[in-house]
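*Asks:*
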Amino acid sequence: MYISIEGASREYFFKGRGRTVALEKVNLEIKKGEFICLLGPSGCGKTTLLNLIAGFDRPTTGFVKINGEIAAKPSVNRITIFQNYGLLPWRTVLRNVELGLESKKIDKKKRLQIAEEYIELVGLSAYKKHHPAQLSGGMQQRVALARALAVDPEILLMDEPLGALDAMTRMSMQDEIERLWQEKKKTIIFVTHDIEEAVFLADRIVIMTPSPGKVKSVVEVPLARKRDRTGSDFLKIRDRVFAEFELKPRDMTEYYL
Ligand code: ADP
Ligand code: MG
Numbered sequence: 001m002y003i004s005i006e007g008a009s010r011e012y013f014f015k016g017r018g019r020t021v022a023l024e025k026v027n028l029e030i031k032k033g034e035f036i037c038l039l040g041p042s043g044c045g046k047t048t049l050l051n052l053i054a055g056f057d058r059p060t061t062g063f064v065k066i067n068g069e070i071a072a073k074p075s076v077n078r079i080t081i082f083q084n085y086g087l088l089p090w091r092t093v094l095r096n097v098e099l100g101l102e103s104k105k106i107d108k109k110k111r112l113q114i115a116e117e118y119i120e121l122v123g124l125s126a127y128k129k130h131h132p133a134q135l136s137g138g139m140q141q142r143v144a145l146a147r148a149l150a151v152d153p154e155i156l157l158m159d160e161p162l163g164a165l166d167a168m169t170r171m172s173m174q175d176e177i178e179r180l181w182q183e184k185k186k187t188i189i190f191v192t193h194d195i196e197e198a199v200f201l202a203d204r205i206v207i208m209t210p211s212p213g214k215v216k217s218v219v220e221v222p223l224a225r226k227r228d229r230t231g232s233d234f235l236k237i238r239d240r241v242f243a244e245f246e247l248k249p250r251d252m253t254e255y256y257l
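The numbers in UniProt numbering rise by one with no breaks, and the one at position 48 of the sequence shown is 48.
#1: With a threshold of 8 Å, are at least 3 pairs of Cβ atoms found where one atom belongs to the segment 146-160 and the other to the segment 72-90?
#2: DSSP puts residue 69 in a beta bridge; with which residues?
#3: When DSSP labels each residue in this structure, what does residue 127 get in the three-state scheme?
#4: Are there any heavy atoms of ligand 4 lying less than 7 Å away from the beta-carbon of residue 46, as far as the coordinates show?
#5: If you measure between the beta carbons of residue 195 and residue 238, is that distance less than 8 Å?
#6: What did DSSP end up calling residue 118 once you bin it into helix, strand or coil?
#7: From the DSSP output, in three-state form, read off residue 31 for me.
#8: Determine which residues share a DSSP beta bridge with residue 159 and list them.
#9: Could you pull out every unbroken beta strand (DSSP E) segment of at least 3 residues lying fully inside the segment 193-219, listed in chain order?
#10: Confirm, please, whether the CB-CB distance from residue 6 to residue 62 is below 8 Å.
#11: Assuming residue 13 is part of the beta strand (DSSP E), what are its boundary residues?
#12: Assuming residue 234 is part of the alpha helix (DSSP H), what are its boundary residues?
#13: Note down, in chain order, each residue of its chain lying with its Cβ closer than 8 Å to the Cβ of residue 215, except the 5 sequence neighbours on either side.
#14: Just to confirm the assignment, what range does the alpha helix (DSSP H) spanning residue 77 have?
#15: For the pair the segment 179-199 and the segment 32-42, tell me if three or more CB-CB distances fall below 8 Å.
#16: Report yes or no: do three or more beta-carbon pairs, one from the segment 89-98 and one from the segment 158-167, lie closer than 8 Å?
#17: DSSP three-state label for residue 24, please.
#18: Taking DSSP as the reference, what is the three-state secondary structure of residue 47?
#19: Taking all protein chains shown into account, do 16 or more other C-beta atoms lie within 10 angstroms of the C-beta of residue 257, making it buried, or fewer, making it exposed?
#20: Considering only the beta carbon of each residue, do residue 50 and residue 189 sit closer than 8 Å?
#21: For a test of your reading of the model: does the CB of residue 233 fall under 7 Å from any non-hydrogen atom of ligand 2? Yes or no.
#22: Can you list, in chain order, the residues of its chain whose CB lies under 7 Å from that of residue 104, leaving out five sequence neighbours each side?
Structure below.
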């Protein structure tokens with residue numbers, strides 16, 4: 001299996017104050033090229049699990065393996081995109097996208113060429129000389145995507161990357177991420193607490209619950225792409241996921257109407 005998480009737990013110990021089980025015995029196998037969404041409320045261990053896959057952190061017990069090898073440290077093959085974009089404010093768009101390539105020791109001319117290619121891919125060529133503060137949130141997220149993709153990693157790890165965007169921008173970024181995933185054939189592990197976002201994007205939704213952080217279930221989303229957010233098949237799966245959390249969207253609507 002491409003990514004294999006075997007009985008992975010992560011506990012935090014506090015001097016004299018016991019411990020928190022951030023993640024308990026997670027078993028999960030991910031195929032190359034899959035789009036996985038980790039879905040759950042705040043505190044259920046999504047970031048903890050992502051950090052284990054990234055190699056930023058190690059499980060207290062169990063294993064995380066990539067291509068059969070333990071993910072012991074970060075790698076340019078697995079790039080993380082954060083909610084706050086992680087752009088350097090003093091650098092232009094172009095220089096931000098070049099950043100990841102600098103650590104790959106690619107020479108200057110080639111670096112510039114690759115950076116421009118990826119800026120074009122996310123539709124920001126007219127803004128390459130701008131600084132992050134001059135861009136909208138959605139545009140900044142595109143820069144972060146271009147920067148991550150320019151490094152050409154096999155795995156993209158995204159930790160609530162669209163959390164700071166308004167609903168309309170968020171939907172257009174979901175479209176964009178799906179397009180880039182299909183075009184570049186990456187394996188994506190995408191953290192969200194938005195059920196509809198997960199149903200729109202994922203091949204499989206990994207549903208997590210807190211205290212202790214656990215995988216409750218995995219829901220397959222066998223819908224053709226590009227998905228129709230208002231289609232009856234889409235809504236059926238959305239309702240099934242709602243039910244996993246024991247939330248009832250229809251009851252809620254009745255209540256508010
Ligand atoms: P999520 O990303 O789903 O919101 P996290 O993975 O950040 O959840 O956190 C899961 C649990 O682990 C929470 O109870 C959190 O307080 C705890 N936790 C996360 N990181 C640390 C840390 N560095 N030290 C202590 N506890 C932590
Ligand atoms: Mg988190």
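Glycine included, C-beta positions come from ideal geometry on N, C-alpha and C.
Source: prediction; values computed, not measured.
*Replies:* Working from what's here:
#1: Enough Cβ pairs lie closer than 8 Å, so yes.
#2: Working through the sequence shown from its first residue, we reach residue 69 at position 69. Residue 69 pairs with 66.
#3: In the sequence shown, counting from the first residue as 1, residue 127 sits at position 127. Of the three classes helix, strand and coil, the one that applies to residue 127 here is helix, per DSSP.
#4: Absence of ligand 4 is noted for the structure shown, with ligand 1 and ligand 2 being the only ligands found.
#5: For the purposes of this step, residue 195 is taken as the residue at position 195 of the sequence shown. For the purposes of this step, residue 238 is taken as the residue at position 238 of the sequence shown. Yes, these two residues count as a Cβ contact at 8 Å.
#6: Along the sequence shown, read from residue 1 onward, the residue named residue 118 stands at position 118. In the structure shown, residue 118 sits in a helix (DSSP, three-state: H, G or I).
#7: Residue 31 sits at position 31 when you count from the first residue of the sequence shown. Coil at residue 31, not helix or strand.
#8: As a working note, residue 159 is residue 159 in the sequence shown. Beta-bridge pairing links residue 159 to 82 and 191.
#9: 204-209
#10: Here residue 62 corresponds to residue number 62 of the sequence shown, with the count starting at 1. Here residue 6 corresponds to residue number 6 of the sequence shown, with the count starting at 1. A contact, by the Cβ cut-off of 8 Å.
#11: To locate residue 13, count along the sequence shown from 1; it is residue 13. Residue 13 -> beta strand (DSSP E) spans 3-13.
#12: If you number the sequence shown from 1, residue 234 lands on position 234. Where residue 234 is concerned, the enclosing alpha helix (DSSP H) stretches over 232-244.
#13: Here residue 215 refers to the residue found at position 215 of the sequence shown. Only 26, 27, 28, 206, 207 and 208 meet the Cβ criterion.
#14: Taking the first residue of the sequence shown as 1, we reach residue 77 at position 77. It is not in any alpha helix (DSSP H) - residue 77 carries neither H nor E in the DSSP assignment.
#15: Between the segment 179-199 and the segment 32-42, the count of Cβ pairs shorter than 8 Å is three or higher; the stretches touch.
#16: no
#17: Residue 24 sits at position 24 when you count from the first residue of the sequence shown. Reduced to three states, the DSSP call for residue 24 is strand.
#18: By 1-based counting over the sequence shown, the position of residue 47 is 47. Note: residue 47 maps to helix in three-state DSSP.
#19: For this step, residue 257 is matched to residue 257 along the sequence shown. With a pLDDT of 39 at residue 257, under the threshold of 50, the modelled position of this residue cannot be trusted; read the value that follows with caution. Result: exposed.
#20: Within the sequence shown, numbered from 1, the residue matching residue 50 stands at position 50. Within the sequence shown, numbered from 1, the residue matching residue 189 stands at position 189. Cβ atoms of residue 50 and residue 189: closer than 8 Å.
#21: In the sequence shown, counting from the first residue as 1, residue 233 sits at position 233. Checking every heavy atom of ligand 2 against the Cβ of residue 233, none is found closer than 7 Å.
#22: Residue numbering aside, residue 104 sits at position 104 when the sequence shown is read from its first letter. Result list for residue 104: 76 and 151, in chain order.
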